[in-house]
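With our numbering, the residue at position 137 of the sequence shown is 138, and numbering never jumps.
Glycine included, each C-beta is placed from N, C-alpha and C at the ideal position.
Everything on this sheet refers to the single structure shown next.
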Amino acid sequence: MKATLAALLLAGLALNAKAQTTDEDLDAKYATSLVQPGTVAPDFTMNTPDGKPFSLSSLKGKTVVLDFWASWCPDCRKDAPAVVKLYDTYHSDDVVFVGVSMDTDVAAWRKVAKQFGIEYLQVSELKKFHDTDISKAYGVKWIPSIVVVDPEGKVALATVVVDKLEQYLSQIKK
Numbered sequence: 002m003k004a005t006l007a008a009l010l011l012a013g014l015a016l017n018a019k020a021q022t023t024d025e026d027l028d029a030k031y032a033t034s035l036v037q038p039g040t041v042a043p044d045f046t047m048n049t050p051d052g053k054p055f056s057l058s059s060l061k062g063k064t065v066v067l068d069f070w071a072s073w074c075p076d077c078r079k080d081a082p083a084v085v086k087l088y089d090t091y092h093s094d095d096v097v098f099v100g101v102s103m104d105t106d107v108a109a110w111r112k113v114a115k116q117f118g119i120e121y122l123q124v125s126e127l128k129k130f131h132d133t134d135i136s137k138a139y140g141v142k143w144i145p146s147i148v149v150v151d152p153e154g155k156v157a158l159a160t161v162v163v164d165k166l167e168q169y170l171s172q173i174k175k
């Protein structure tokens, strides 16, 4: 009886540990379909809130942080201050941030960007999230998501975890 109870307790601890690992590894839950590091980043052209076209290829030779977000997304709003802080710390001539909004309403998009002090370039297709070409090209099924494109145009990082972006940026700025 004691052996059975001990075995059940150990099994329960193992399941709990596995659940915590899964819960803590948000990339394992939400980033499984994102473009993979080492692949060529799909080029795109989208408009800014003012309707001006922007193409990713115009930033070739720079490290580009693509911040996939939306004004209506609670997790995006939660992460926005951390992303803005990283922008303030790491943006330069060689590191450029681009917000890829999944909004359909330009006014809401602008309002929330202003509210959080998001000063980096913003672009959007102004379509529903899962109808956008960009979400299909980058495998974005969850926001917020972050993709870093290296100066050669290849994906260097694809994650839903802001801390992983900070680790990456701190390494390339050494």
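Which whole-angstrom value is the C-beta distance of Ser-125 and Phe-69, which I expect to be below 8 Å?
Between Phe-69 and Ser-125 the Cβ distance is about 10 Å, and since that is not below 8 Å, they are no contact.
Under DSSP, the beta strand (DSSP E) around Ile-147 begins and ends at which residues?
146 to 150
Alpha carbon to alpha carbon, how far is Gly-39 from Ala-83? Give it in angstroms, no decimals.
26 Å
What span of residues does the alpha helix (DSSP H) with Val-85 cover, start to end?
75 to 91
Please name the residue in Asp-104, Trp-110 and Met-47 whose C-alpha comes closest to that of Lys-129.
Selected option, being the one with the closest Cα: Asp-104.
Note down, in chain order, each residue of its chain lying with its Cβ closer than 7 Å to the Cβ of Asp-95, except the 5 sequence neighbours on either side.
Lys-63 and Thr-64
Consult DSSP for Leu-166 and reduce its assignment to one of helix, strand or coil.
helix
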